[in-house]
Amino acid sequence: MKFYITTPIYYINDIVHIGHSYTTIIADIMARWKRLNSFDVFFLTGTDEHGSKIATAAKKKGKMPLIFCNDMSLKFKEAWNLLNISYTDFIRTTEKRHFSAVEKIVQILFDKNLIFKKKYEGLYCVGCEKFYLPKDLDEEGYCVFHKTKPLIQSEENYFFKLSTFQNLILERITDPCHEEYIEIYPEERKNEIIGKLKIGLENISLSRNIVEWGIPLPFDKKQTVYVWIDALINYITGIGYPKNMTEFQKYWPVNIHLMAKDILWFHAIIWPAILMSVGFSLPKKLCVHGFFTLNGNKMSKSLGNVISPQELVSKYGVDATRYLLVTIMPFGHDGDISWEKLTLKYNIDLANNLGNLISRIVKMAGKYFNFKVPQANFDLKLVKKIVTLLREDFIINMNSMQLHKAAQDLQNAITLVNKQIEYDAPWKISKTHVHELASYIFSYLQAVDIIALHLLPFIPVSAEKIWHTMGASNDINKIAKKYFTDFIIPKSGFSVSDSQLQDTEGLFARIV
Numbered sequence: 001m002k003f004y005i006t007t008p009i010y011y012i013n014d015i016v017h018i019g020h021s022y023t024t025i026i027a028d029i030m031a032r033w034k035r036l037n038s039f040d041v042f043f044l045t046g047t048d049e050h051g052s053k054i055a056t057a058a059k060k061k062g063k064m065p066l067i068f069c070n071d072m073s074l075k076f077k078e079a080w081n082l083l084n085i086s087y088t089d090f091i092r093t094t095e096k097r098h099f100s101a102v103e104k105i106v107q108i109l110f111d112k113n114l115i116f117k118k119k120y121e122g123l124y125c126v127g128c129e130k131f132y133l134p135k136d137l138d139e140e141g142y143c144v145f146h147k148t149k150p151l152i153q154s155e156e157n158y159f160f161k162l163s164t165f166q167n168l169i170l171e172r173i174t175d176p177c178h179e180e181y182i183e184i185y186p187e188e189r190k191n192e193i194i195g196k197l198k199i200g201l202e203n204i205s206l207s208r209n210i211v212e213w214g215i216p217l218p219f220d221k222k223q224t225v226y227v228w229i230d231a232l233i234n235y236i237t238g239i240g241y242p243k244n245m246t247e248f249q250k251y252w253p254v255n256i257h258l259m260a261k262d263i264l265w266f267h268a269i270i271w272p273a274i275l276m277s278v279g280f281s282l283p284k285k286l287c288v289h290g291f292f293t294l295n296g297n298k299m300s301k302s303l304g305n306v307i308s309p310q311e312l313v314s315k316y317g318v319d320a321t322r323y324l325l326v327t328i329m330p331f332g333h334d335g336d337i338s339w340e341k342l343t344l345k346y347n348i349d350l351a352n353n354l355g356n357l358i359s360r361i362v363k364m365a366g367k368y369f370n371f372k373v374p375q376a377n378f379d380l381k382l383v384k385k386i387v388t389l390l391r392e393d394f395i396i397n398m399n400s401m402q403l404h405k406a407a408q409d410l411q412n413a414i415t416l417v418n419k420q421i422e423y424d425a426p427w428k429i430s431k432t433h434v435h436e437l438a439s440y441i442f443s444y445l446q447a448v449d450i451i452a453l454h455l456l457p458f459i460p461v462s463a464e465k466i467w468h469t470m471g472a473s474n475d476i477n478k479i480a481k482k483y484f485t486d487f488i489i490p491k492s493g494f495s496v497s498d499s500q501l502q503d504t505e506g507l508f509a510r511i512v
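Taking the working numbering, the leading residue of the sequence shown gets 1, the next gets one more, and so forth.
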């Protein structure tokens with residue numbers, strides 16, 4: 001089975017920030033989860049490097065556009081390396097393979113008479129790099145995303161006959177029984193697109209004659225491809241189109257396009273229209289998340305409140321940053337965060353709950369069994385409770401991308417083990433019932449092993465550390481793949497009797 005997931009390609013006129021990180025970590029968690037379930041995963045991310053904003057930003061830095069793009073794209077790669085992002089490929093729109101794909105797609109549209117040339121005057125938002133109709137602006141005539149007034153621009157461009165696809169797209173978004181149904185999640189975003197579709201579609205500009213930094217039209221080298229047409233095609237470039245059609249056919253159609261709500265229109269309307277035009281299957285699902293605000297304020301460079309992944313990692317560490325960003329708010333909704341909220345969640349979920357559980361188990365094993373996994377009969381009662389809890393809820397929430405709920409399922413499992421320890425009170429029988437004590441601690445270790453398997457997509461390095469801390473010696477990723485296939489616990493458990501337990505120091509220390 002294949003699973004193809006994408007992030008948007010990120011526009012490089014700005015620094016890597018918390019919004020980019022949020023989207024990419026979600027995609028990475030889903031990619032890791034699907035790999036554990038034995039899917040053949042292709043995970044694509046990358047950078048969007050054409051358009052007037054890039055040329056302007058490069059000029060301000062005193063650099064040629066491509067040099068500027070090389071520098072900025074590298075910063076995204078460095079950030080994803082820092083956050084342990086396991087992408088399959090990183091696509092840049094300045095690569096030759098992407099030029100080939102864009103030129104071929106645009107030529108097909110032209111040959112099918114879906115492109116025409118006309119003069120156009122309209123309201124153009126530089127921030128969005130998009131023309132708007134007055135009805136698309138707020139009451140004061142400002143762009144709803146950038147809070148700036150679009151400028152009137154007049155150009156003679158090539159236009160794509162988007163209006164002819166109105167009913168075709170509407171059918172594919174509204175009818176779940178349609179063979180090319182596009183699921184849009186959450187429902188409110190789907191309804192938003194349906195509402196706009198019913199108003200009607202306008203033909204859109206496919207080229208710019210005043211933007212030099214872009215891909216020239218194959219049939220008119222004086223004009224460049226509109227940056228959004230260019231950008232969307234990355235999703236097929238990254239899996240081989242047009243040079244490696246075997247690879248392309250293996251992974252297309254995409255299972256999930258992941259994005260923020262401000263770019264849904266392009267993915268739900270323009271992209272399907274292009275795909276239908278060239279005869280390709282449509283995306284299976286568009287998953288749309290909200291925006292972060294910081295202490296009630298929109299994040300922006302001008303306000304000086306943009307949070308970088310480096311800042312988060314410096315304070316919380318890599319794995320904790322991954323966990324906190326995707327669990328601090330429900331997927332699909334806007335969320336207000338603060339350093340205080342992040343630290344509070346870190347201390348509650350990771351330091352107090354998970355970290356404390358592991359620490360107390362290791363300390364008991366150290367005190368009573370010289371820091372070794374005790375030899376004991378395996379009492380499966382506790383482990384079965386953990387397996388049942390996670391199998392019923394965790395898997396459903398992971399597959400529906402409700403990562404905050406899946407994380408809460410894990411917290412519930414951790415709490416369950418802590419409560420079991422309090423109920424058993426093993427310290428009370430340490431001198432009188434040694435065999436029973438050994439059985440208790442052995443079952444706690446095995447229960448945490450199960451939890452560690454489920455933590456892998458979220459905190460892969462820490463999950464592996466927990467695994468070995470508990471005295472489990474095999475490759476956790478291989479064990480996880482087998483476990484998520486049959487949900488069978490070995491008769492002897494995962495933690496091996498007489499194995500040395502490892503030190504828990506540095507695992508989610510409390511932050512004050």
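Using N, Cα and C, we set each Cβ at its ideal position, and we do this for glycine too.
Predicted model, so just to flag it, every value in this text is computed and none were measured.
Residue i: first and last residue of the uninterrupted beta strand (DSSP E) it sits in
i, result
"A260", "I256 to A260"
"I361", "No beta strand (DSSP E) holds I361; the alpha helix (DSSP H) holding it covers N356 to F369."
"H289", "K285 to H289"
"F292", "F292 to L294"
"D475", "Where D475 is concerned, there is no enclosing beta strand (DSSP E), given that its DSSP letter is neither H nor E."
"T6", "K2 to T6"
"I184", "E183 to Y185"
"T224", "D220 to V225"
Near the ligand FAD: residue i beta-carbon under 6 Å from a heavy atom
i, result
"N370", "The model on display carries no ligand, and the ligand FAD is accordingly not part of it."
Beta-bridge pairing of residue i - partner residues as DSSP gives them
i, result
"Q153", "G122"
"T45", "F90"
"Y132", "L123"
"D40", "K2"
"F159", "F116 and S205"
"N377", "None, per the DSSP bridge assignment."
"K298", "T293"
"P216", "T224"
Limits of the unbroken alpha helix (DSSP H) element including residue i
i, result
"E206", "Reading the sequence as shown, one finds Leu at residue 206 and not Glu. Element bounds for L206: n/a, residue is neither H nor E."
"G335", "Here G335 belongs to no alpha helix (DSSP H); instead the beta strand (DSSP E) covers G335 to I337."
"K381", "K381 to L389"
"T237", "N234 to T237"
"Q310", "P309 to Y316"
"Y248", "Per the sequence presented here, residue 248 reads as Phe, with Tyr not at that position. Per DSSP, F248 belongs to the alpha helix (DSSP H) from M245 to Y251."
"V496", "Looking at the DSSP string, V496 is not in any alpha helix (DSSP H), and its letter there is neither H nor E."
"H435", "V434 to L455"
"S100", "K96 to D111"
"L275", "W271 to V278"
"Q411", "L403 to D424"
"A463", "P460 to T469"
Residue i versus residue j - alpha carbon distance
i, j, result
"V417", "L36", "24 Å"
"V373", "M470", "8 Å"
"K59", "L325", "34 Å"
"N412", "G214", "51 Å"
"K298", "D336", "9 Å"
"K198", "S207", "26 Å"
"I256", "A31", "10 Å"
"V383", "Y423", "15 Å"
"K104", "R97", "11 Å"
"L524", "F458", "In the structure as shown, the chain starts at 1 and stops at 512, and residue 524 therefore has no counterpart that could be examined."
"T6", "P253", "11 Å"
"N352", "K61", "46 Å"
"V448", "D503", "15 Å"
"N234", "R92", "8 Å"
"F99", "D230", "9 Å"
"L168", "N305", "43 Å"
Burial state of residue i, where buried means 16 or more other Cβ atoms lie within 10 Å
i, result
"A509", "exposed"
"A425", "exposed"
"D211", "According to the sequence displayed, residue 211 carries Val and not Asp. Buried, by the Cβ-count rule."
"P176", "exposed"
"Q223", "buried"
"F160", "buried"
"F219", "exposed"
"M259", "buried"
"D28", "buried"
"M364", "buried"
Below-7 Å beta-carbon distance, residue i vs any chain D residue
i, result
"L137", "Absent from the structure is chain D; it holds one protein chain and no more."
Q | Inter-stretch contact (C-beta, 8 Å, three-pair minimum) for the stretch 451–461 and the stretch 478–489 | A | yes
Q: Could you tell me whether the stretch 41–58 touches the stretch 103–123, where touching means 3 or more Cβ pairs closer than 8 Å?
A: no
Q | Sufficient close CB pairs (3 or more, under 8 Å) joining the stretch 175–191 to the stretch 284–299 | A | The answer is yes - the stretch 284–299 touches the stretch 175–191, with three or more Cβ pairs under 8 Å.
Q) Between the stretch 14–33 and the stretch 61–77, are three or more C-beta pairs nearer than 8 Å? A) yes
Q.
Quick check: the stretch 78–95 against the stretch 187–206, are at least 3 beta-carbon pairs closer than 8 Å?
A. no
Q. Per the contact definition of three or more C-beta pairs closer than 8 Å, is the stretch 318–333 in contact with the stretch 398–409?
A. yes
Q. If we count Cβ pairs, one from each stretch, closer than 8 Å, do we get three or more for the stretch 485–496 versus the stretch 374–393?
A. The answer is yes - the stretch 374–393 touches the stretch 485–496, with three or more Cβ pairs under 8 Å.
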